[in-house]
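Q: Residue numbers (our numbering), protein chains in the order written: chain A, 17 to 131; chain B, 349 to 456.
Note that CB positions come from ideal geometry on N, CA and C, so glycine has one too.
The structure presented is a predicted model; accordingly, all values stated were derived computationally and were not measured.
Sharing a structure, written as C-alpha cells. Questions coming.
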Amino acid sequence: DVKVTQSSRYLVKRTGEKVFLECVQDMDHENMFWYRQDPGLGLRLIYFSYDVKMKEKGDIPEGYSVSREKKERFSLILESASTNQTSMYLCASSRGLAELTGELFFGEGSRLTVL
Amino acid sequence: KNEVEQSPQNLTAQEGEFITINCSYSVGISALHWLQQHPGGGIVSLFMLSSGKKKHGRLIATINIQEKHSSLHITASHPRDSAVYICAVLAGNEKLTFGTGTRLTIIP
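This is the structure in C-alpha cells:
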C-alpha cells in the first residue's frame, strides 16, 4: 500500500520558534510538494521538488524553506513561526514530470497552531 | 491565472440520492483532478481526466473541454461518501490550481 507519511498530525508552537515538518514517501516518486490549506481558500503550493537537492518556489514561499537531501524525504521549515502560519500543511508526491502525468498521493496533513 | 469555481459549496442529501458536484475554470487546461478529503485532513485522488468521462465504482467524472466544465457524480450515495470534494486544474506547465471544495453530507 503506497504511502505518504507526515511526521506530526498536530503541532502547537510559539511565535518565533523554528518548526520542522517532515514528509516521507515510499513510492520512489521524483516529485514532492508542500501545500497549505486555509478555510475558504484552495490548496496553495508553498514549495516543490523534482529531484534530490532540487527545489522550486510555489505560489507562497515567503517565510518557508525546504530541504530534500534524500529522494524519499521532503522537509518544510518555518525559520521563525508567526501566527499567520497557523494552517493545515499537506505534503504530496507524484511520479514523473511535475503534476502533469498522473495521480497525486497526499499525506494525512499536519495541523500547525502558532501562538 | 486560472480561476476554479466549484458549486455548490455545501450539499446535504439523503442516502441513496444521485449527487452532482460542478467545477468550472477560466482558461484552457491539460488535465483536471478530482480529489476527496475526509474529516481529519487526508486527501485521496479520485480521478485525473483530460477529456470525456471516467467511472470508478459509484463515481463518475465528466469533462467538457469546450465549455471549461467538469462534473463529479455519485450514484446511490452513502454516508461514507460524506467528505469535501476538490477540483484542481492544470494548464500548460503551470502548477495545479485548486478549487475551494464542496462539502458533501449524506444523511442516513
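Within a Cβ cutoff of 8 Å, which residues of the same chain sit near K34(A), ignoring the five residues on either side of it in sequence?
A: Only I93, L94, E95, S96 and A97 meet the Cβ criterion.
Q: Using only CA atoms, which one of I422(B), G447(B), A409(B) and C371(B) lies nearest to M396(B)?
A: Checked all of I422(B), G447(B), A409(B) and C371(B); the closest Cα to M396(B) is A409(B).
Q: Taking buried to mean at least 16 other C-beta atoms within 10 Å of its own C-beta, is V432(B) buried or exposed?
A: That one is buried.
Q: Considering Cα atoms alone, identify which of M104(A), L120(A), Y80(A) and A108(A) is closest to V28(A).
A: Out of M104(A), L120(A), Y80(A) and A108(A), M104(A) has the C-alpha closest to the C-alpha of V28(A).
Q: Report the option in K443(B), I454(B), L452(B) and R451(B) whose CA atom is closest to the CA atom of I377(B).
A: The shortest C-alpha separation from I377(B) is found at K443(B).
Q: Using only the alpha-carbon positions, how far apart do V82(A) and S109(A) sit?
A: Taking the straight line from one Cα to the other gives about 15 Å.
Q: Is it buried or exposed, F36(A), if we count other Cβ atoms within 10 angstroms and call 16 or more buried?
A: By the 10 Å Cβ count, F36(A) comes out exposed.
Q: Please name the residue, chosen from T453(B), I422(B) and I413(B), that lies closest to V437(B) on a Cα-to-Cα basis.
A: Cα-wise, what sits closest to V437(B) is I413(B).
Q: Do you know how far the Cα of Q22(A) is from the Cα of V392(B)?
A: Cα to Cα, V392(B) sits roughly 15 Å from Q22(A).
Q: Hey, could you find the ends of the beta strand (DSSP E) M104(A) is sitting in?
A: Counting along the chain, the beta strand (DSSP E) containing M104(A) begins and ends at S103 to S110.
Q: Report the partner residues of V352(B) according to the DSSP bridge assignment.
A: Y373(B), per the DSSP bridge assignment.
Q: Applying a beta-carbon distance threshold of less than 7 Å, which residues of chain B neighbour M104(A)?
A: G389, listed in chain order.
Q: In chain order, which beta strand (DSSP E) runs of at least 3 residues are fully inside the region 406 to 446 of chain B?
A: Segments of the beta strand (DSSP E) lying fully in the region 406 to 446 of chain B: 407 to 412, 417 to 422 and 431 to 438.
Q: Quick check on the DSSP output: what are the complete beta strand (DSSP E) runs of length 3 or more inside the region 21 to 48 of chain A, in order along the chain?
A: Taking only runs of at least 3 residues, the beta strand (DSSP E) segments lying wholly in the region 21 to 48 of chain A are 26 to 29 and 35 to 41.
Q: Relative to the C-alpha of Q41(A), which residue among K19(A), L59(A) and K69(A) is closest?
A: Nearest C-alpha to Q41(A): K19(A).
Q: Roughly how far, in whole angstroms, is the beta-carbon of S106(A) from the beta-carbon of Y51(A), given that I think they are within contact range, below 8 Å?
A: Here residue 106(A) is Leu; the residue named in the question, Ser, does not match the sequence. Confirmed, Cβ separation roughly 5 Å.
Q: Label Y80(A) either buried or exposed according to how many other C-beta atoms from any shown protein chain fall within 10 Å of its C-beta, with 16 as the threshold for buried.
A: With 16 or more other Cβ atoms within 10 Å, it is buried.
Q: My assumption, with CB atoms under 8 Å, is that T31(A) sits in contact with T129(A). Please give the rounded CB distance.
A: Not a contact, Cβ separation roughly 11 Å.
Q: Taking buried to mean at least 16 other C-beta atoms within 10 Å of its own C-beta, is I434(B) buried or exposed?
A: Under this definition I434(B) is a buried residue.
Q: Quick one: grab the DSSP three-state call for T99(A).
A: T99(A) falls in the helix class under three-state DSSP.
Q: Compare the C-beta of L57(A) against all C-beta atoms of chain B and say whether one is closer than 8 Å.
A: By this cut-off, L57(A) is an interface position.
Q: Cα separation between Q385(B) and G364(B)?
A: So the two alpha carbons sit approximately 21 Å from each other.
Q: How many angstroms separate the CA atom of N63(A) from the CA atom of S91(A)?
A: The question names Asn, yet the displayed sequence has Tyr at residue 63(A). Those two C-alpha atoms are separated by around 10 Å.
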